[in-house]
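Here's the structure we're looking at; comments come further down.
Protein chains: 2
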Amino acid sequence: MNKKNDSAPGVLLTAPAWLEKLTSGRAIVIRGAEARMRFVIDLSRRNVERRSGGPFAAGVFEAKSGRLLAAGVNRVEPMELSSAHAEVMAIAFAQKRARSWDLGRDAARPMELVVSSQPCLMCLGAVLWSGVTSLVYGASAEDVTSILGFDEGPLPAAWPRELRRRGISVRGGVLRDEAAAVLELYKKKKGTIYNSRKGK
Amino acid sequence: MNKKNDSAPGVLLTAPAWLEKLTSGRAIVIRGAEARMRFVIDLSRRNVERRSGGPFAAGVFEAKSGRLLAAGVNRVEPMELSSAHAEVMAIAFAQKRARSWDLGRDAARPMELVVSSQPCLMCLGAVLWSGVTSLVYGASAEDVTSILGFDEGPLPAAWPRELRRRGISVRGGVLRDEAAAVLELYKKKKGTIYNSRKGK
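Order-wise, the sequence lines are chains A and B.
Residue 23 is where the first sequence starts when you use the working numbering, and the numbers rise one by one after that.
Residue 23 is where the second sequence starts when you use the working numbering, and the numbers rise one by one after that.
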């Protein structure tokens, strides 16, 4: 594959400056699903408070050591990009850092994606292609829909089983109430509900 | 939303130089689904021949006028980014050009996404968030799986109906054989089958 002199003006996926500052230049190591989730929920809350995107955050961690490879937050509005969900951003930054489109390349260092809310249809697909081998989420799709009205898409009924069948473990409802509280905060602040196909 | 001084080193989504050259600086207007598909299949073929990514291409067109808003090709390998599917790229470039995360914002100018192969699970989700109101594809998911072995993910059985229910028309099988021929070409050239979750 050509990798040089092959680029042209494109679309730059960026983390907010506060997140870049928070995570760069030092190793962040967090053990245990709940502690990782607390960190991720804190990012989602900051994203709402700083008005740098929607109320969602994600982190890619080395499952065993707990080292944070990369974190991402929702950036749909500031980037004018409907695909800029937290999971897509975190996976992109993690793959850049790993210099690989496959986060599962090194079987000795499995990667875990921790997300503040259950992934939507697009992000489920992104998880499947990413190479992570475990998914942990907080708030449910029902929380996202009932609190905010986002349409998460026609999720396959047995999606956790479909992920497990492909070697990805799934654990939901971790610190669900704390995660849902950030969705409530976004609602209170009258954050945009971007839902293009109903926006006509 | 803060849009200035909010960025930091990130991930740049790029088209290959040949595609940028082909599409920039002039208006491309193509009427009719088959002619648009022929253009998109040609891009998918060039992407294989130039070794600038996988055998998939997509274009966002103004449905009525036929003006091409943006085109994208698969860039997973050269960008080391598992989400860099043709649809995600074309939508990103189109939204940048439209300066909006919602391609459905202007009801008088509905947008159509034309893709050389049926979208995978991730890209179906990306279509739902994008604001396009019609989807046209060539080769089927069965073609992609049987010719190349990519796993397109657990697609909801009634996905075309789910899209239609959300205001997005769906038409498949347009120039299917021509589209599938590019998948065969990629196979012949021994292109990488990136399929992380089975790559352990």
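The C-beta atom is built at its ideal place from N, Cα and C for all residues, glycine as well.
Would you mind stating whether residue i and residue j have Cβ atoms separated by less than 9 angstroms?
i: Gly-75(B); j: Ala-93(B); result: no
i: Val-95(A); j: Ser-66(A); result: yes
i: Ser-156(A); j: Ala-79(A); result: no
i: Glu-42(A); j: Pro-31(B); result: yes
i: Val-110(A); j: Met-144(A); result: yes
i: Leu-170(A); j: Leu-146(A); result: no
i: Glu-56(A); j: Val-196(A); result: yes
i: Met-101(B); j: Leu-35(B); result: yes
i: Leu-90(A); j: Ala-120(A); result: no
Using a Cβ-Cβ cut-off of 9 angstroms, state whether residue i counts as contacting chain A.
i: Val-166(B); result: no
i: Leu-150(B); result: yes
i: Glu-56(B); result: no
i: Gly-194(B); result: no
i: Ala-85(B); result: no
i: Pro-178(B); result: yes
i: Ala-1(B); result: Residue 1(B) falls outside the range modelled here, since chain B spans only 23 to 222, and no answer is possible.
i: Gln-117(B); result: yes
i: Ile-113(B); result: yes
i: Glu-102(B); result: yes
i: Asn-162(B); result: The sequence as given places Ser at residue 162(B); Asn does not occur at that position. Taking Cβ atoms only, chain A never reaches closer than 9 angstroms to Ser-162(B), which makes this a no.
i: Ser-70(B); result: A small correction: the amino acid at residue 70(B) is Val; Ser does not occupy that position in the sequence shown. Chain A contact via Cβ: absent.
i: Val-51(B); result: no
i: Leu-205(B); result: no
i: Asp-64(B); result: no
i: Leu-90(B); result: no
i: Tyr-208(B); result: no
i: Leu-170(B); result: no
i: Val-1(B); result: Any question about residue 1(B) goes unanswered here, given that chain B covers just 23 to 222.
Quick check on this structure: which residue in the options has the alpha carbon closest to the alpha carbon of residue i?
i: Gly-54(B); options: Tyr-208(B), Trp-181(B), Phe-83(B), Pro-100(B); result: Phe-83(B)
i: Thr-214(A); options: Phe-172(A), Gly-189(A), Arg-183(A), Val-192(A); result: Phe-172(A)
i: Ala-163(A); options: Ile-63(A), Tyr-216(A), Leu-205(A), Gly-88(A); result: Leu-205(A)
i: Ile-52(B); options: Pro-38(B), Ile-113(B), Val-136(B), Ala-37(B); result: Val-136(B)
i: Val-154(B); options: Gly-160(B), Ala-112(B), Gly-194(B), Cys-142(B); result: Ala-112(B)
If we ignore side chains and look at the alpha-carbon of each, how far apart do residue i and residue j end up?
i: Gln-140(A); j: Ser-104(A); result: 17 angstroms
i: Ser-138(A); j: Ile-50(B); result: 42 angstroms
i: Thr-167(A); j: Lys-210(A); result: 15 angstroms
i: Ser-46(B); j: Ala-106(A); result: 24 angstroms
i: Ile-190(B); j: Gln-117(B); result: 17 angstroms
i: Leu-125(B); j: Phe-115(B); result: 11 angstroms
i: Gly-175(B); j: Arg-187(A); result: 11 angstroms
i: Phe-61(A); j: Gly-88(A); result: 12 angstroms
i: Arg-183(B); j: Arg-48(A); result: 48 angstroms
i: Ile-63(B); j: Asp-165(B); result: 15 angstroms
i: Arg-73(A); j: Glu-134(B); result: 31 angstroms
i: Gly-160(A); j: Ala-37(A); result: 21 angstroms
i: Val-33(A); j: Glu-99(A); result: 14 angstroms
i: Ala-202(B); j: Pro-77(B); result: 9 angstroms
i: Arg-68(B); j: Arg-193(B); result: 24 angstroms
i: Ala-39(A); j: Trp-40(B); result: 33 angstroms
i: Tyr-208(A); j: Tyr-216(A); result: 13 angstroms
i: Val-158(A); j: Leu-185(A); result: 12 angstroms
i: Glu-132(B); j: Cys-142(B); result: For the sequence presented, residue 132(B) should be read as Pro rather than Glu. Each residue's alpha carbon lies about 23 angstroms from the other.
Would you verify that the beta carbon of residue i is, or is not, closer than 9 angstroms to some beta carbon of chain B?
i: Glu-134(A); result: no
i: Val-33(A); result: yes
i: Ala-37(A); result: yes
i: Glu-184(A); result: yes
i: Val-95(A); result: no
i: Tyr-159(A); result: no
i: Glu-200(A); result: no
i: Met-144(A); result: yes
i: Ser-122(A); result: yes
i: Arg-188(A); result: yes
i: Lys-25(A); result: Only weak support is given to the placement of Lys-25(A): the predicted model assigns it a pLDDT of 42, under 50, and the question is left unresolved by the model.
i: Val-137(A); result: no
i: Leu-125(A); result: yes
i: Gly-47(A); result: no
Under a Cβ-count criterion, where at least 16 other Cβ atoms within 10 Å of its own Cβ denotes burial, should residue i be classed as buried or exposed?
i: Lys-212(A); result: exposed
i: Arg-97(A); result: buried
i: Asp-199(A); result: exposed
i: Ser-225(A); result: Chain A is shown from 23 up to 222; residue 225(A) falls before or after that span and cannot be answered.
i: Ala-108(A); result: buried
i: Ala-180(B); result: exposed
i: Ala-129(A); result: exposed
i: Asn-27(A); result: Note on Asn-27(A): pLDDT 35, under 50, position unreliable in the model; the coordinate value appears next. Exposed.
Cβ of residue i within 8 angstroms of any heavy atom in the ligand ATP?
i: Val-158(B); result: For the structure depicted, the ligand ATP is absent and the ligand set is empty, with no information on it obtainable.
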